[in-house]
Amino acid sequence: MATVTLKDLRKSFGPDEVIHGIDMEIADGEFIVIVGPSGCGKSTLLRMVAGLETVTGGEVLIGGERANDKEPMDRDIAMVFQNYALYPHMTVAQNMGYGLKIAGLSKPEIATKVEAAAELLQLDGLLDRRPKQLSGGQRQRVAMGRAIVREPSVFLFDEPLSNLDAKLRVQMRLEIKELQSKLGVTALYVTHDQVEAMTMADRMIVMNAGVAEQIGTPMEVYETPQSLFAAQFIGSPAMNVLDARIEGGRVMLGDVAVAETGKRAGPVKLGLRPEHVAPDAEGPLAMEVLLAEPLGANTLLHGRLAGTEIAFTASLQGVHLASHGGEAMRFGVDPVDCHLFDPETGHRL
Amino acid sequence: MASHPSGMVEKRGAGLWLTHVLMILGVLVIFFPIWLAFVASTVTQPEIVRPPMPIWPGDQFWENYKAALFSGVNVPVATMLLNSLIMAMGIAVGKIVISLLSAFAIVYFRFPGRIFFFWMIFITLMLPVEVRIVPTYEVIAGFGMLNSYSGLIFPLIASATATFLFRQFFLTIPDELAEAARVDGAGPMRFFIDIVVPMSRTNVAALFVILFIYGWNQYLWPLLITTDPEMNTIVMGIKQMFPSGDDVAEWPVIMATSILAMIPPVIVVVSMQKLFIRGLVDSEK
Numbered sequence: 051m052a053t054v055t056l057k058d059l060r061k062s063f064g065p066d067e068v069i070h071g072i073d074m075e076i077a078d079g080e081f082i083v084i085v086g087p088s089g090c091g092k093s094t095l096l097r098m099v100a101g102l103e104t105v106t107g108g109e110v111l112i113g114g115e116r117a118n119d120k121e122p123m124d125r126d127i128a129m130v131f132q133n134y135a136l137y138p139h140m141t142v143a144q145n146m147g148y149g150l151k152i153a154g155l156s157k158p159e160i161a162t163k164v165e166a167a168a169e170l171l172q173l174d175g176l177l178d179r180r181p182k183q184l185s186g187g188q189r190q191r192v193a194m195g196r197a198i199v200r201e202p203s204v205f206l207f208d209e210p211l212s213n214l215d216a217k218l219r220v221q222m223r224l225e226i227k228e229l230q231s232k233l234g235v236t237a238l239y240v241t242h243d244q245v246e247a248m249t250m251a252d253r254m255i256v257m258n259a260g261v262a263e264q265i266g267t268p269m270e271v272y273e274t275p276q277s278l279f280a281a282q283f284i285g286s287p288a289m290n291v292l293d294a295r296i297e298g299g300r301v302m303l304g305d306v307a308v309a310e311t312g313k314r315a316g317p318v319k320l321g322l323r324p325e326h327v328a329p330d331a332e333g334p335l336a337m338e339v340l341l342a343e344p345l346g347a348n349t350l351l352h353g354r355l356a357g358t359e360i361a362f363t364a365s366l367q368g369v370h371l372a373s374h375g376g377e378a379m380r381f382g383v384d385p386v387d388c389h390l391f392d393p394e395t396g397h398r399l
Numbered sequence: 021m022a023s024h025p026s027g028m029v030e031k032r033g034a035g036l037w038l039t040h041v042l043m044i045l046g047v048l049v050i051f052f053p054i055w056l057a058f059v060a061s062t063v064t065q066p067e068i069v070r071p072p073m074p075i076w077p078g079d080q081f082w083e084n085y086k087a088a089l090f091s092g093v094n095v096p097v098a099t100m101l102l103n104s105l106i107m108a109m110g111i112a113v114g115k116i117v118i119s120l121l122s123a124f125a126i127v128y129f130r131f132p133g134r135i136f137f138f139w140m141i142f143i144t145l146m147l148p149v150e151v152r153i154v155p156t157y158e159v160i161a162g163f164g165m166l167n168s169y170s171g172l173i174f175p176l177i178a179s180a181t182a183t184f185l186f187r188q189f190f191l192t193i194p195d196e197l198a199e200a201a202r203v204d205g206a207g208p209m210r211f212f213i214d215i216v217v218p219m220s221r222t223n224v225a226a227l228f229v230i231l232f233i234y235g236w237n238q239y240l241w242p243l244l245i246t247t248d249p250e251m252n253t254i255v256m257g258i259k260q261m262f263p264s265g266d267d268v269a270e271w272p273v274i275m276a277t278s279i280l281a282m283i284p285p286v287i288v289v290v291s292m293q294k295l296f297i298r299g300l301v302d303s304e305k
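Those protein sequences? They're chains B and W, same order as listed. Going left to right, the first sequence walks through residues 51 to 399 as our numbering numbers them. Going left to right, the second sequence walks through residues 21 to 305 as our numbering numbers them.
Pasting the structure below:
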């Protein structure tokens, strides 16, 4: 149980800076998800907290203590790796108990702790197996077990679910979240999957190119994205972003007024989530539907804004039978669902 | 790795018989000289020198082998077998330990000149014992190690091939494993002993077989540095048994020695065959 504080954390590989100063306070027991596209520096950030990468600038504090120069084992952390990194020649029990063995615990103590963790993770009957003899989900659990037995203050997860199939991923996602809240251990979790981020996080860091675009609860990020990147990365299907301008207190898309606004006049980027537009015969948005994807609970309509080449996606509740292209639909939108961004900086207006 | 079911390539009828006949012929051709050596080791001296040579074993088996093992020609074969065993084990074990450690250093540590040293080791692959034999003899003689086990073993104990093989294997061990061990609190040597060495065990077994036979079959080097018959190894010892001048060669004893010289490598290969093949064809990750 510990807080984690990042102070202007920076990382360079040679002359290239890949993490450009990240500040964050993580409370005790909080579940933080670091989400971003590949290459955005999210794993590097996690590995700096773990102590597997050196810190170029700034500070990592774990439980209020400076950890920059501590070895991973002295940081009171445990890490779950993407490919699990189980020792192939050891049994499940040996894998889970290895850290304890090095720490010098007696055999009965190790056995007790390993058994307790195995019970928690439903690995009871598998303690004598080798990793090779386990399924993907079981290996995942062993990797978790190895982290749990050490009773660390902070859990670090590096894309732990990306090697599992879709169904198992949903199940393990719930299990990890449940386990973390049961144990009350602070967790940092790296993923590129925005669904994992939305469902698991107490707070998330949306990262892009070594910068934290936004830090906030999933709902904050979804409802008030602070940048174009965060807006488009979180939410599925992705937000529609349209070139618009503000004239006389109204958001104008071409010569159609979409919504009222108090912002100053000038060009803007208008963000509309597909699920926030509603069919409305009088609505300002005219869309030419080219393709409909019925998903059961909802239907995705892909098309263009009428008379333009601008792509637009709408997500409607229920099943809307596919038209054969060219059909026109009109949509209305609630002004509170219009997200306006500065076209130069991408920041929220 | 799935074990291959028999008949991975299906053959039927005549093709099957033909391949078997060819294979059996091949085995006979290779086996025949060994058979003759065995026959020669079970008959008496006059029977060998009188043409035609016998091709069925005689009744002198125990006498000849006893003579070879306990009195030999210059020195009992038992002594030579022991010398060979010590040399071959020393070379094989020494090479494996040194190669494991040097490959570990090269793969897992960043130190100045790492690449340079790797290539220096690699280049020595091109220098077999025979090329550097004169300077090596000079050095060993200087250290007073002629006629000693250390003199037999040390000059042959460094192995670029094994270092290179272990390096290649270590490179296939995922980095995460080293990182997981670090998080678990294992220091470098702990990681080496607990994780790297056990993971390399099939490779170690394969190399042990190859290196044991390499050590066992050394001829030129023991011939140069052992002048005392008590230190003869068996492979060179057989040659030493040949008489100089007009003495009569004791062929039955020499042939018995040859057969005895073949047995330990065969035992090593057969007993480690399973591990050996696994080490060559797959590696556990």
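Glycine included, C-beta positions come from ideal geometry on N, C-alpha and C.
Can you give the beta carbon distance from residue i to residue j, rounded, assuming they're within the 8 Å contact cut?
i: E338 (chain B); j: R354 (chain B); result: 5 Å
i: V23 (chain B); j: D126 (chain B); result: It is not possible to answer for residue 23 (chain B), since the shown part of chain B is limited to 51 through 399.
i: P287 (chain B); j: S365 (chain B); result: 6 Å
i: A378 (chain B); j: A328 (chain B); result: At roughly 16 Å, the Cβ-Cβ gap does not stay under 8 Å, so A378 (chain B) and A328 (chain B) are not in contact.
i: K227 (chain B); j: M250 (chain B); result: 5 Å
i: L145 (chain W); j: T99 (chain W); result: About 34 Å separates the two Cβ atoms, so there is no contact after all.
i: F81 (chain B); j: D252 (chain B); result: 5 Å
i: G321 (chain B); j: A281 (chain B); result: 5 Å
Would the beta-carbon of residue i fall within 8 Å of that of residue j?
i: Q432 (chain B); j: L155 (chain B); result: Residue 432 (chain B) cannot be examined here, being either before or after the span of chain B that is shown, 51 to 399.
i: N84 (chain W); j: P272 (chain W); result: yes
i: I141 (chain W); j: T183 (chain W); result: yes
i: R60 (chain B); j: T94 (chain B); result: no
i: F283 (chain B); j: A193 (chain B); result: no
i: S61 (chain W); j: I279 (chain W); result: yes
i: R200 (chain B); j: G149 (chain B); result: yes
i: R281 (chain W); j: A88 (chain W); result: According to the sequence as given, residue 281 (chain W) is Ala; it is not Arg. No; because the gap between Cβ atoms is not below 8 Å, this pair is not in contact.
i: L172 (chain W); j: M73 (chain W); result: no
i: V59 (chain W); j: W76 (chain W); result: yes
i: P138 (chain B); j: R179 (chain B); result: no
Is the shortest distance between the beta-carbon of residue i and the beta-carbons of chain B less than 8 Å?
i: L185 (chain W); result: no
i: A125 (chain W); result: no
i: A22 (chain W); result: Residue confidence is low: A22 (chain W) scores 45 on pLDDT, short of 50, so the model does not pin down where it sits. Its coordinate-derived value is still stated next. By this cut-off, A22 (chain W) is not an interface position.
i: I1 (chain W); result: Absent from the model: residue 1 (chain W). The displayed extent of chain W is 21 to 305, so no value can be given.
i: K294 (chain W); result: no
i: R298 (chain W); result: no
i: A225 (chain W); result: no
i: P218 (chain W); result: yes
i: G114 (chain W); result: no
If we define contact as Cβ-Cβ less than 8 Å, is residue i a contact residue for chain W?
i: G113 (chain B); result: no
i: I284 (chain B); result: no
i: N213 (chain B); result: no
i: L102 (chain B); result: yes
i: I82 (chain B); result: no
i: P329 (chain B); result: no
i: G129 (chain B); result: Position check: residue 129 (chain B) holds Met in this sequence, whereas Gly was assumed. True, the Cβ-Cβ gap to chain W drops below 8 Å.
i: A288 (chain B); result: no
i: N348 (chain B); result: no
i: A135 (chain B); result: yes
i: M434 (chain B); result: Since the first residue of chain B shown is 51 and the last is 399, residue 434 (chain B) is not available in this structure.
Looking at the strands, I want to know which residues DSSP matches up with residue i.
i: L238 (chain B); result: B:I82, B:L206
i: F63 (chain B); result: B:D66
i: R300 (chain B); result: B:E297, B:E310
i: V93 (chain W); result: Beta-bridge pairing links V93 (chain W) to no other residue.
i: V54 (chain B); result: B:I76, B:I112
i: R398 (chain B); result: B:F391
i: P317 (chain B); result: B:R295
i: Q367 (chain B); result: B:N348
i: R380 (chain B); result: B:A336
i: F362 (chain B); result: B:G353
i: N223 (chain W); result: Answer is none; N223 (chain W) lacks a bridge partner.
i: N290 (chain B); result: B:L322
- Task: Just list the beta strand (DSSP E) runs in the stretch 117-150 of chain B, keeping only unbroken ones of 3 residues or longer that don't cross its boundaries, in chain order.
- Result: If one requires a minimum length of 3 residues, the beta strand (DSSP E) runs lying completely within the stretch 117-150 of chain B are 127-130, in chain order.
- Inside the stretch 246-288 of chain B only - beta strand (DSSP E) runs reaching at least 3 residues: Qualifying beta strand (DSSP E) stretches, in chain order: 253-258, 261-266.
- In the stretch 239-271 of chain W, which residue ranges form an unbroken beta strand (DSSP E) of at least 3 residues, counting only runs that do not cross its ends? Taking only runs of at least 3 residues, no beta strand (DSSP E) segment lies wholly in the stretch 239-271 of chain W.
- Task: Please list the segments of the alpha helix (DSSP H) lying wholly inside the stretch 130-192 of chain W, counting only runs of 4 or more residues, in order along the chain.
- Result: Those alpha helix (DSSP H) runs which fall completely within the stretch 130-192 of chain W and span 4+ residues are 134-144, 153-162, 169-173, 180-192.
- Hey, which unbroken runs of the beta strand (DSSP E) at 3 residues or more fall wholly within the stretch 148-223 of chain B? When DSSP assignments are scanned along the stretch 148-223 of chain B, the uninterrupted stretches of beta strand (DSSP E) that are 3 or more residues long and fall wholly within it turn out to be 204-208.
- Message: I'd like the ranges of any alpha helix (DSSP H) spanning at least 4 consecutive residues and lying wholly in the stretch 48-100 of chain W.
- Response: Qualifying alpha helix (DSSP H) stretches, in chain order: 65-69, 81-90.
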